[in-house]
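Taking it in order: structure first as structure tokens, then the write-up.
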């Protein structure tokens, strides 16, 4: 199974090198690894050229969603995987996904990976806070020893969908540039196309250094929660709780269904409506 791996990057060369190492060392198939390079003045552009990877390029930082839009033009494989540039993929990650996808027998799915991090991950486990301090052997051993279960809902990047589904919803929505809110928006678009399998795969582990790009100085962050609310009538938290049924810790029980009416849902819905009209008016 070959995968088009889409990676937008913005001057994170040391992290990007580690990502590339993991994809080169830990993959069983020859995948299409493609990058959108924003700026690239830290040496990223020269590095990607030297490695003969395919890429698109913008002189300035055009934002996550626009970067993904550019990458969408050169996708070649039947499966599309989105990754951050500061992740390290576990051994045999592609075999793990191949096995999972073969059981589904449908193009209507969204599978995400289990983020391991020194803090704020799905699982917190310290293997290093930087590429220079990253302990590969410790991470590899953890991936073998850890027996956590698959989780319900979406856990954002890395995630994989079928190319036909990606094209049908037109990938990431560029109105969410520079990127905040783009993941739940993408999942909501999938929901509207009758995707009901939203599953976080335990064995598909990645070490995530923690959104390095968005923590940089002079990076403008959009109000993705507000934009999502105005687009759909409720915020991402409501969507994740009542539609995807995932709070980050619930084990996977199967495809999700339409939200069931409850007192809590009605209260949260009213609160969301009030916020919606507030934003509309003010």
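In the numbering used here, the protein residues as written are 1078 to 1359. Every residue, glycine too, gets a C-beta built ideally from N, C-alpha and C.
> Between which two residues does the beta strand (DSSP E) containing residue 1031 stretch?
Replying inline: Only positions 1078 to 1359 of the chain appear in the structure, and residue 1031 is not among them; the question remains open.
> If we count Cβ pairs, one from each stretch, closer than 8 Å, do we get three or more for the region 1186-1205 versus the region 1119-1126?
Replying inline: no
> Assuming residue 1340 and residue 1320 make a contact with CB atoms under 8 Å, what is their CB distance in whole Å?
Replying inline: The count along the chain shown starts at 1 and reaches residue 1340 at position 263. The count along the chain shown starts at 1 and reaches residue 1320 at position 243. In fact, because the Cβ distance is near 18 Å, the residues do not count as touching under 8 Å.
> DSSP on residue 1091, reduced to helix/strand/coil?
Replying inline: As a first step, residue 1091 must be located in the chain shown, where it is residue number 14. Of the three classes helix, strand and coil, the one that applies to residue 1091 here is helix, per DSSP.
> What distance in whole Å lies between the Cβ atoms of residue 1156 and residue 1221, which are believed to be in contact at a cut-off of 8 Å?
Replying inline: Locating residue 1221 in the chain shown gives position 144, counting from the first residue. Locating residue 1156 in the chain shown gives position 79, counting from the first residue. Actually they are not in contact, since the Cβ atoms of residue 1221 and residue 1156 sit about 25 Å apart, beyond 8 Å.
> By how many angstroms is the C-alpha of residue 1111 removed from the C-alpha of residue 1151?
Replying inline: In the chain shown, residue 1151 corresponds to position 74, counting from 1. In the chain shown, residue 1111 corresponds to position 34, counting from 1. For residue 1151 and residue 1111, the distance between alpha carbons rounds to 8 Å.
> residue 1198 by DSSP, collapsed to three states: which one?
Replying inline: Working through the chain shown from its first residue, we reach residue 1198 at position 121. Of the three classes helix, strand and coil, the one that applies to residue 1198 here is coil, per DSSP.
> Which two residues bound the contiguous alpha helix (DSSP H) that contains residue 1214?
Replying inline: Position 137 of the chain shown holds residue 1214. Note, residue 1214: alpha helix (DSSP H), 1213-1222.
>> What residue range does the alpha helix (DSSP H) around residue 1110 cover?
In response: Taking the first residue of the chain shown as 1, we reach residue 1110 at position 33. If you look at residue 1110, you'll find it isn't in any alpha helix (DSSP H); it sits in the beta strand (DSSP E) that goes 1109-1115.
>> Closest to residue 1087 by C-alpha separation, out of 1109, 1117 and 1285, would be which residue?
In response: Position 10 of the chain shown, counted from the start, is the residue given in the question as residue 1087. When each option's Cα is compared against that of residue 1087, the closest is 1117.
> Touch check for the region 1277-1284 and the region 1184-1191: three-plus C-beta pairs under 8 Å?
Replying inline: yes
>> Using only the alpha-carbon positions, how far apart do residue 1270 and residue 1264 sit?
In response: For the purposes of this step, residue 1270 is taken as residue 193 along the chain shown, with counting starting at 1. For the purposes of this step, residue 1264 is taken as residue 187 along the chain shown, with counting starting at 1. Cα-Cα distance, rounded: 10 Å.
> Smallest Cα separation from residue 1081: which of 1089, 1235, 1268 and 1217?
Replying inline: The residue labelled residue 1081 in the question sits at position 4 within the chain shown. With distances taken between Cα atoms, residue 1081 lies closest to 1235.
> Nearest-angstrom Cα distance between residue 1211 and residue 1173?
Replying inline: Working through the chain shown from its first residue, we reach residue 1211 at position 134. Working through the chain shown from its first residue, we reach residue 1173 at position 96. Whole-angstrom Cα-Cα distance: 23 Å.
>> Quick check on the DSSP output: the alpha helix (DSSP H) that includes residue 1340 runs from which residue to which?
In response: Residue numbering aside, residue 1340 sits at position 263 when the chain shown is read from its first letter. Per DSSP, residue 1340 belongs to the alpha helix (DSSP H) from 1340-1358.
>> Checking 8 Å against the spacing of the C-beta atoms, do residue 1079 and residue 1101 come in under that value?
In response: The sequence position of residue 1079 within the chain shown is 2, counting from 1. The sequence position of residue 1101 within the chain shown is 24, counting from 1. In this structure, residue 1101 does not lie closer than 8 Å to residue 1079 by Cβ.
> Nearest to residue 1208 by CA position, among 1356, 1354, 1099 and 1128, is which residue?
Replying inline: In the chain shown, residue 1208 corresponds to position 131, counting from 1. Nearest C-alpha to residue 1208: 1099.
> Per DSSP, what kind of secondary structure is residue 1264 in: helix, strand or coil?
Replying inline: Locating residue 1264 in the chain shown gives position 187, where the first residue counts as 1. Secondary structure at residue 1264: helix, using DSSP grouped into helix, strand and coil.
> Which residues in the same chain have their Cβ closer than 7 Å to the Cβ of residue 1153, if we skip the five residues on either side of it in sequence?
Replying inline: Indexing the chain shown from 1 puts residue 1153 at position 76. Correct list, in chain order: 1081 and 1109.
> So residue 1227 packs on residue 1328, CB below 8 Å; how close in whole Å?
Replying inline: For the purposes of this step, residue 1227 is taken as the residue at position 150 of the chain shown. For the purposes of this step, residue 1328 is taken as the residue at position 251 of the chain shown. At roughly 7 Å, the Cβ-Cβ gap stays under 8 Å, so residue 1227 and residue 1328 are in contact.
> Expressed to the nearest angstrom, what Euclidean distance is found between the alpha-carbon atoms of residue 1231 and residue 1277?
Replying inline: The count along the chain shown starts at 1 and reaches residue 1231 at position 154. The count along the chain shown starts at 1 and reaches residue 1277 at position 200. For the pair residue 1231 and residue 1277, the Cα-to-Cα distance works out to about 6 Å.
> By how many angstroms is the C-alpha of residue 1135 removed from the C-alpha of residue 1144?
Replying inline: In the chain shown, residue 1144 corresponds to position 67, counting from 1. In the chain shown, residue 1135 corresponds to position 58, counting from 1. Looking at the two C-alpha atoms, the distance is approximately 9 Å.
> Whose CA, out of 1147, 1103 and 1094, lies closest to the CA of residue 1126?
Replying inline: Start at 1 with the first residue of the chain shown, and residue 1126 comes out as number 49. Nearest C-alpha to residue 1126 among 1147, 1103 and 1094: 1094.
> Closest to residue 1357 by CA distance: which of 1113, 1344 and 1306 is it?
Replying inline: Walking along the chain shown from the start, residue 1357 turns up at place 280. Minimum Cα distance to residue 1357 is reached at 1306.
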